[in-house]
Amino acid sequence: MKARYRIIFIGILVIVLAAIRFYESSLFYDPLIRFFKSSDYLRDKIPEFKPGLLILNTFFRYTLNSLISVGIIAIAFVDRNIVKFSAVLFLLLFGIAGSVFTYLVFTIENEHFLALFYVRRFLIHPVFILVLLPAFYYYRMHNRRRKNLN
């Protein structure tokens, strides 16, 4: 695939990620969005919510963001091994962060607000791709340099 088409497809996928973020309130059940936007949430009482529905929607959003992120990586690097590795990393992160999030949702207390806030944020925003793209780029550049030296 030509570079300009790859850039266009990556741009479209980034716009889809932005649309998910922009329409998050109408697409997903998450009463914590409004709660954490308030400036004094550490002193407020957590709003009533349905834990199962919140967890399901958070995992659905993580899955959408992850699929789009793996798509961006696949288009950017066109390397099956990199795509498989990134998919495994996304699944591993899903298992770890998802377990912690589920635990925090069911045991929420005032002292856990910040932990819930950060774990939830890590799950609902595609921040992992911001780590993986430069890492894979560096990996590819390092391999090219090594091949040129041989």
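Counting in the numbering used here, the sequence shown runs from 10 upward without gaps.
Ideal Cβ placement from N, Cα and C applies to all residues, glycine included.
On a predicted model such as this, the values are computed, not experimentally measured, just so you know.
Residue from the options with nearest C-alpha to residue i
i      : options                           : result
Phe45  : Phe37, Ala27 and Ile55            : Ile55
Lys59  : Leu73, Arg153, Leu101 and Asp39   : Asp39
Phe131 : Phe110, Tyr147 and Ile117         : Phe110
Ala12  : Phe86, Leu65 and Ile91            : Phe86
Ile64  : Leu125, Leu101 and Val92          : Leu125
Val140 : Arg153, Gly107, Phe115 and Ile81  : Ile81
Ile84  : Arg153, Leu62 and Ile17           : Ile17
Phe31  : Leu142, Gly107, Asn152 and His134 : His134
Val114 : Asn152, Val92 and Gly61           : Gly61
Ala27  : Met10, Val92, Ile105 and Arg70    : Arg70
Ile105 : Val92, Phe68 and Ile29            : Phe68
Ile19  : Phe103, Leu102 and Leu142         : Leu142
Lys37  : Met10, Glu118, Phe103 and Asn66   : It should be noted that the sequence gives Phe, not Lys, for residue 37. Nearest of Met10, Glu118, Phe103 and Asn66 to Phe37, Cα basis: Asn66.
Buried versus exposed, by CB contacts within 10 Å (16 or more), residue i
i      : result
Lys35  : First, the amino acid is wrong: residue 35 is Ser here, not Lys. Counting Cβ neighbours within 10 Å, Ser35 comes out exposed, since fewer than 16 surround it.
Val136 : exposed
Leu162 : Nothing about residue 162 can be reported from this structure: the residues present for the chain run from 10 to 159 only.
Arg89  : exposed
Tyr14  : exposed
Ile138 : buried
Leu22  : buried
Arg129 : buried
Ile91  : buried
Hey, is the stretch 96-109 in contact with the stretch 152-159, meaning 3+ C-beta pairs nearer than 8 angstroms? no
Evaluate the contact criterion for the stretch 61-76 versus the stretch 139-149: three or more CB pairs, one atom per stretch, below 8 angstroms. No, the stretch 61-76 does not touch the stretch 139-149.
4 or more residues per run - each alpha helix (DSSP H) lying fully within the stretch 56-102: 60-86
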